[in-house]
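I have placed the structure first, in the form of structure tokens, so that the comments after it can refer back to it.
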Amino acid sequence: MKQELEQLVAAVVKELFGTDAAVELTRPDEQFGDYATNVALQLSKQLGKNPREVAEALREKLAGDSRLQAVEVAGPGFLNLKVKAEVMARQVSVQDQVHTSEHVQVEVARKVLVEYSDPNPFKPLHAGHLYTTLVGDSIARLIENTGAETIRINYGGDVGLHVAKSMWSILKWLDGGGLAKLASIPEEERPKWLGERYVEGNNAYEDANNLGADSLEQVGDFTRLKPGVLDAKLDILAINKLIYEVAGGNNNPELGVEYNTGEKAMPSGEEFAQIYHTTRQWSYDYFKVLYDQLEVVPFTRYIPESEVTPLGVKTVKEQLEKGVYQESDGAVVFDGEKLGMHTRVFINSEGLPTYEAKDVGLSLTKWNDYHFDESIIITANEQEQYMRVVVASIHEFAPEPAERTKHLTHGVVKLQGGVKMSSRKGNVVTALEILEAAREAGKATGTNPSEETILAAVKYAFAKNRIGGDVIYDPKESIALEGNSGPYLQYAHARARSILAKAEQGSGELTDLSDDERSLLRKITEYAEVVEKATAELMPHHICTYLYELAQKFNQFYEHNRVIGDDRQAARLKLVEHYADTLKNGLELLGIAAPERM
RNA sequence: GCUCCCUUAGCUCAGUGGAUUAGAGCGUCUGUCUUCGGAACAGAAGGUCGUAGGUUCGAGUCCUGCAGGGAGUACCA
Numbered sequence: 000m001k002q003e004l005e006q007l008v009a010a011v012v013k014e015l016f017g018t019d020a021a022v023e024l025t026r027p028d029e030q031f032g033d034y035a036t037n038v039a040l041q042l043s044k045q046l047g048k049n050p051r052e053v054a055e056a057l058r059e060k061l062a063g064d065s066r067l068q069a070v071e072v073a074g075p076g077f078l079n080l081k082v083k084a085e086v087m088a089r090q091v092s093v094q095d096q097v098h099t100s101e102h103v104q105v106e107v108a109r110k111v112l113v114e115y116s117d118p119n120p121f122k123p124l125h126a127g128h129l130y131t132t133l134v135g136d137s138i139a140r141l142i143e144n145t146g147a148e149t150i151r152i153n154y155g156g157d158v159g160l161h162v163a164k165s166m167w168s169i170l171k172w173l174d175g176g177g178l179a180k181l182a183s184i185p186e187e188e189r190p191k192w193l194g195e196r197y198v199e200g201n202n203a204y205e206d207a208n209n210l211g212a213d214s215l216e217q218v219g220d221f222t223r224l225k226p227g228v229l230d231a232k233l234d235i236l237a238i239n240k241l242i243y244e245v246a247g248g249n250n251n252p253e254l255g256v257e258y259n260t261g262e263k264a265m266p267s268g269e270e271f272a273q274i275y276h277t278t279r280q281w282s283y284d285y286f287k288v289l290y291d292q293l294e295v296v297p298f299t300r301y302i303p304e305s306e307v308t309p310l311g312v313k314t315v316k317e318q319l320e321k322g323v324y325q326e327s328d329g330a331v332v333f334d335g336e337k338l339g340m341h342t343r344v345f346i347n348s349e350g351l352p353t354y355e356a357k358d359v360g361l362s363l364t365k366w367n368d369y370h371f372d373e374s375i376i377i378t379a380n381e382q383e384q385y386m387r388v389v390v391a392s393i394h395e396f397a398p399e400p401a402e403r404t405k406h407l408t409h410g411v412v413k414l415q416g417g418v419k420m421s422s423r424k425g426n427v428v429t430a431l432e433i434l435e436a437a438r439e440a441g442k443a444t445g446t447n448p449s450e451e452t453i454l455a456a457v458k459y460a461f462a463k464n465r466i467g468g469d470v471i472y473d474p475k476e477s478i479a480l481e482g483n484s485g486p487y488l489q490y491a492h493a494r495a496r497s498i499l500a501k502a503e504q505g506s507g508e509l510t511d512l513s514d515d516e517r518s519l520l521r522k523i524t525e526y527a528e529v530v531e532k533a534t535a536e537l538m539p540h541h542i543c544t545y546l547y548e549l550a551q552k553f554n555q556f557y558e559h560n561r562v563i564g565d566d567r568q569a570a571r572l573k574l575v576e577h578y579a580d581t582l583k584n585g586l587e588l589l590g591i592a593a594p595e596r597m
């Protein structure tokens, strides 16, 4: 409807003034009309006429259009358009609204990759993983809603220093006990146990880094082949190399000679590989628990770093020869400074790929396998400048995929008062703890909310914030059942469905609307525009804002207008039906259930 | 130091270059309820939109400086 009216105004402008104008209709305050445009103000300069004069000329012409009920000139030269209710009623159904949406028509043939979530095996899933997974899920839903073929990619670091840190601690804990000892850890304790291993390995590595050479012996407590040499750090670096060998499936690697760990702690190459693959699988199982609980759309494909590492390394080495990358201090770097960015290491002086080289491999894998129209990567904003460097380097030898790649970043999850979570302070909240805390808080309200409602509360609490800024996680507010919350929307939906279920007669036509009815209808017809905007900007929070306004509108309507038993029952049932469908559709885009009853 | 981001009510956040009055939620205070579901509705109080300039007919919104906060800044991800 909006597009239709914009075309109308543009045509009138053309007819009267012989000029093309980019007419943009906005939604003004309801008291002013259904749409407004400032086109007269824009034209006045160009035409050298008084803006009100221009507006008046446009008004006269527009007033004759059969779709418009009233056209007014206001303020310095705004045009306020009031649309006939029956015209609004023609395009009120969700199907019609979505069908007439610009994006749906434009993007039908597109193939879009969306990468998000990206948890690393061996590391705990913290609140940030929950958030980034939900953000990615709702954005992928928006894209899928356009009709584009949507490929959800999940990428995880199954190789690299963080894994080596964990493996170091795992071997230390096993203390030669091998797979048998590993099997003694009960399934439910595995995630926590893995989390502790990472923390221990990371601390040992950092301690070794921070200490001077004299005190290195105090670090770690492996039995050493070479007493006094080191140490956790060297062990971890050696394990790191080993992991690259076994991650790809080599189960009989040669143990590196530099490996310093004592014989007792060090398993055979074969056993090392088995321990690695076993514990990695524990992480994958744990990821699935979270995704299942969140009820996000399953990923199309999980890509472990180990899968794309060879291609990344090969490419970086090839492009090193061609001068895209340079050698520096024994490492292979990309000189980002010439482009006003940072210089970053792609292959370190140990000859091992860093995250950068792996990301090169990932980007090329995506391109080779999918030939996407657009590739969206969603991460926290701490990776923003990093990603610019990686993409800029890829652009030098593969411009097409680089240009089609968009990096979307979001903020970090913080605690009340803007306190950042830190493992050192012990105030880290894991992803599953957030859900558990929400369930507890839900019970405490005495209303015994369902799992659907708990999820709605958590998802909405995160989704309503504009993507980009940090999100304050307040356990109390995030499970709020009232106000601007997921449960409020679910309730506003269930309430409407309840009316529809109770009605014995069918719904009728939307004619001769009262002010309240028209007001609700007007709000419903905004839906397509909101989805349009949210999709264009990749900002699902616009949908939250709208749905809340919509539900408020309905609750206001409900307060003053009886449906069943009223003279207007037929028309009102129709209106309620459209309202409930719209709300349900919007909630679906957010990944939130719209139950019929609560 | 350099690069990038942020700053709107006590708290958490929306806000499309526009229209006497910058909007929500929570919290505080006051009401509504023989009613299709009260997880509701109505109202009050609470703001020099960090600050100083600039552009514009018009700036919370665009530009510049400053202050405060955050992220990044080569072998982590």
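For the first sequence, position 50 matches number 49 in numbering that gives the first Met the number 0, and the numbering has no gaps at all. Backbone N, C-alpha and C fix where the C-beta goes; we use that ideal spot for every residue, glycine too. In this text the structure is predicted, and so the values were computed from the model without any measurement.
- As DSSP reads the structure, Q325 sits in a beta bridge with V332.
- Taking 8 Å as the cut-off, the Cβ atoms of T342 and G335 count as close.
- Here H559 is exposed: its Cβ has fewer than 16 other Cβ atoms, across all protein chains shown, within 10 Å.
- Take A500, set aside five residues on each side of it, and the residues of its chain with a beta-carbon closer than 8 Å to its own are E595, in chain order.
- In this chain, the beta strand (DSSP E) harbouring I302 covers R300 to P303.
- Assigned with DSSP and collapsed to three states, E114 falls in strand.
- Residue environment: G76 is assigned as buried (16 or more neighbouring CB atoms within 10 Å of its CB, all protein chains considered).
- By the neighbour-count criterion, in which a residue is buried when 16 or more other Cβ atoms sit within 10 angstroms of its Cβ, P120 is buried.
- Within its own chain, the residues whose Cβ lies closer than 7 Å to the Cβ of V158, once the five positions on either side in sequence are excluded, are I242, Y243, A246, E304, S305 and T308, listed in chain order.
- The closest CA to that of G585, considering only I542, Y197 and R561, is found on I542.
- Bounds of the alpha helix (DSSP H) holding K522 are D514 to I523.
- Pairing G467 with G410, the inter-Cα distance amounts to about 5 Å.
- Remark: C-beta atoms of N79 and A73 approach each other more closely than 8 Å.
- It is roughly 28 Å from the alpha-carbon of Q318 to the alpha-carbon of R300.
- Cβ contact annotation for A330 (same chain, cutoff 6 Å, sequence separation greater than five): V344, N347 and S348, in chain order.
- For a cut-off of 8 Å, the C-beta gap from F298 to I152 is around 7 Å, short enough to register as a contact.
- Per DSSP, reduced to three states, the secondary structure at V158 is coil, with no helix or strand assignment.
- Straight-line spacing of the CA atoms in R438 and T446 works out to 11 Å.
- Beyond the five residues adjoining it in sequence on each side, V323 comes within less than 8 Å, by CB distance, of F333, S392, E395 and F396 in the same chain, given in chain order.
- Only residues of its own chain outside the window of five on either side were considered, and among them Q90 have a CB closer than 6 Å to the CB of M0, listed in chain order.
- Taking C-beta atoms as the reference points, L434 and Y154 fail to come closer than 8 Å.
- Taking 8 Å as the upper bound for CB-CB distance, Y204 and K232 are in contact here, some 6 Å apart.
- Fully contained in the stretch 529-595 are the following alpha helix (DSSP H) runs of length 4 or more, in chain order: 540-559 and 568-588.
- Sequence-distant partners of K122 (beyond 5 residues in either direction) whose C-beta falls short of 7 Å from its own C-beta, in its chain, are H161 and Y197.
- Under DSSP, the beta-bridge partners assigned to S374 are L112 and T404.
- In terms of Cβ geometry, L141 and E270 do not form a close pair [threshold 8 Å].
- Here V38 carries a helix assignment [DSSP, helix/strand/coil].
- In the displayed model, V418 falls within a strand according to three-state DSSP.
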